[in-house]
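A short write-up of the structure that comes next.
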Amino acid sequence: MTADLKLGLNLGYWPASPPPGQLELVKEADACGYDSLWTAEAWGSDAITPLAWYGAHTSRIKLATGLIQLSARTPACTAMTVATLDHLSGGRVILGLGVSGPQVVEGWYGQPFPRPLARTREYVGIIRKALAREEPVTNDGAHYPLPYPGGTGLGKPLKMIVHPLRGRVPIYLGAEGPRNVALAAEIADGWVPIFYHAERGPKAYADALEGAPAGFEIACPVTVNVTDDVAAGLAVVKWTLAFYIGGMGAKTANFHFNLIGRLGYAAEAAEVQRLFLAGDRAAAAAAVPDDLADGIALVGPPARIRERLQLWRDSPVTTLLVGGVKDPAHLRTLAALL
């Protein structure tokens, strides 16, 4: 159970171009006490550049990547980027990392996807070593060997020239599968689930989180729709779920589809995927159970949202990453409710 539930503003990634009014939304979140600001990347806008921009317009809100993809940058490059942004922002960075999926990793980045857990462990280890700056960085793992074996043979272990502002920047892992979640609990400071059901999540993830240390953070994206029309508000959430269940990944390798099954909606997820892949997206969205959409979101008038916030307080989640909000007044409403 979370004693003090925090709020973060989740901007995600740009679907086409920078959404209008986003800077004003960020400034409002900074002013009314939101703990963190989160950006993401897929195969369009990157996550770091917007954080630098918004960091220059804010003073206290933490700047978090939710998430950047391992295959987009070498671990040394990520460490350099984090050290730079942490200095520029006065120590406000949270590094959220994720492996993405094979379609993006191999199709967009041209990198191999197999053994994502082993790759993640090496990646995080190199970043920790680089930021600690205690000795030149080496790594004898199979995925990110340092120095590189072969080539000219002139590679040498190096220590970062810049002295990081903080020798240990918080690292959160995005994870869906039980082994990935357990890895986050073992090597990271926090976990970012993509979909966490307020009522079913605690049981579904209990075993994977069993080894989490004290102070382990769970920053959970939650779509918020302040509206008097609950059904219409849930319909927006259902469209997003249908896209992830049905089309965000190959049919035989869709981690989101598998996750929804583990939450207890296996049959329903199969039907959503069938309809989506058949091209009937409206029917796919309609097939998403209301209880599933309601459990991962906060939808309705303020009184209903206040009531459902108690479910999140009773869960292990420590931060709600508010997404879907475009009206700064709704940010203030949520801050007041907490």
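At the far end of the sequence shown sits residue 337, using numbering that gives the first Met the number 0, and the numbering has no gaps.
Idealized CB from N, CA, C, for every residue including glycine.
All of these numbers come straight from a predicted model, not from anything done at the bench.
Integer Cβ distance of Pro-220 from Gly-322, believed to fall under 8 angstroms: 6 angstroms
C-alpha gap between Ala-181 and Gly-210, whole angstroms: Cα-Cα distance, rounded: 7 angstroms.
7 angstroms CB neighbourhood of Ala-292 in its chain, flanking five on each side removed: Once the five neighbours on either side are set aside, the close Cβ partners of Ala-292 are Leu-233, Val-236, Lys-237, Leu-240.
Pro-220 in three-state terms, based on DSSP: In the structure shown, Pro-220 sits in a strand (DSSP, three-state: E or B).
Unbroken alpha helix (DSSP H) run spanning Ile-244, endpoints: 229 to 246
For Ser-35, the residue or residues it bridges with in DSSP: Gly-7, Lys-61
Whole-angstrom distance between Trp-37 and Gly-65, CA atom to CA atom: 5 angstroms
Rounded separation between Pro-74 and Ala-129 - CA only: 9 angstroms
Counted within 10 angstroms of its Cβ, other Cβ atoms place Val-271 as buried (16 or more) or exposed: buried
Strand pairing of Val-298, partner residues [DSSP]: Asn-224
Close-in-space but distant-in-sequence residues of the same chain around Thr-318 (CB under 8 angstroms, 5 per side omitted): Cβ within range, chain order: Leu-4, Lys-5, Leu-6, Gly-7, Asp-34, Ser-35, Glu-216, Ile-217, Ala-218, Cys-219.
Contact belief for His-255 with Ile-193 at Cβ below 8 angstroms, rounded distance in angstroms: 7 angstroms
As assigned by DSSP and simplified to three states, the class of Tyr-195: Coil, per DSSP.
Touch test, the region 95 to 111 against the region 167 to 187, Cβ-Cβ under 8 angstroms, three pairs minimum: yes
Residue range of the alpha helix (DSSP H) that includes Ile-126: 115 to 131
8 angstroms Cβ shell around Tyr-147 - same chain, five flanking residues per side excluded: Gly-154
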